[in-house]
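Engineer: Input: one structure, supplied below.
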Amino acid sequence: MTVNEGLRLMAGVFTLISILLAHYVSPYWLLFTGFIALNLIQSAFTKWCPAMVILKKMGLKEEKPVS
1 MTVNEGLRLM AGVFTLISIL LAHYVSPYWL LFTGFIALNL IQSAFTKWCP AMVILKKMGL
61 KEEKPVS
């Protein structure tokens, strides 16, 4: 698994968890869903995300550029 795949997996899992928590615990958990969305949007423009640093430290490799 690459860093990009891990990042997508992490965002998807956290989004599902926050939606379930918003439904069963408190609607304030939707703020976490919004945070995830904002983080994905900012990473699209900056090409950097804090989770990528964590995933790299966990041993995931970056994708090799297609040439």
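The sequence shown begins at 1 in the UniProt record's numbering and counts up by one.
Where a beta carbon is used, it is the ideal one built from N, C-alpha and C, also for glycine.
Just so it is clear, the structure is predicted and the values come from calculations on it, not from any experiment.
Can you tell me which of the three DSSP states residue 57 falls into?
Structural biologist: The count along the sequence shown starts at 1 and reaches residue 57 at position 57. DSSP places residue 57 in helix when its eight states are reduced to three.
Engineer: If we ignore side chains and look at the alpha-carbon of each, how far apart do residue 55 and residue 4 end up?
Structural biologist: Sequence index remark: in the sequence shown, residue 55 carries index 55 (1-based). Sequence index remark: in the sequence shown, residue 4 carries index 4 (1-based). Approximately 9 Å, taken between the alpha carbons.
Engineer: Taking the alpha helix (DSSP H) that residue 26 falls in, what are its first and last residues?
Structural biologist: One-based indexing of the sequence shown puts residue 26 at position 26. Unbroken run through residue 26: none, as it is neither H nor E.
Engineer: Check this for me: beta carbons of residue 39 and residue 22, under 9 Å apart or not?
Structural biologist: The sequence position of residue 39 within the sequence shown is 39, counting from 1. The sequence position of residue 22 within the sequence shown is 22, counting from 1. Against a cut-off of 9 Å, the Cβ pair of residue 22 and residue 39 comes out as no contact.
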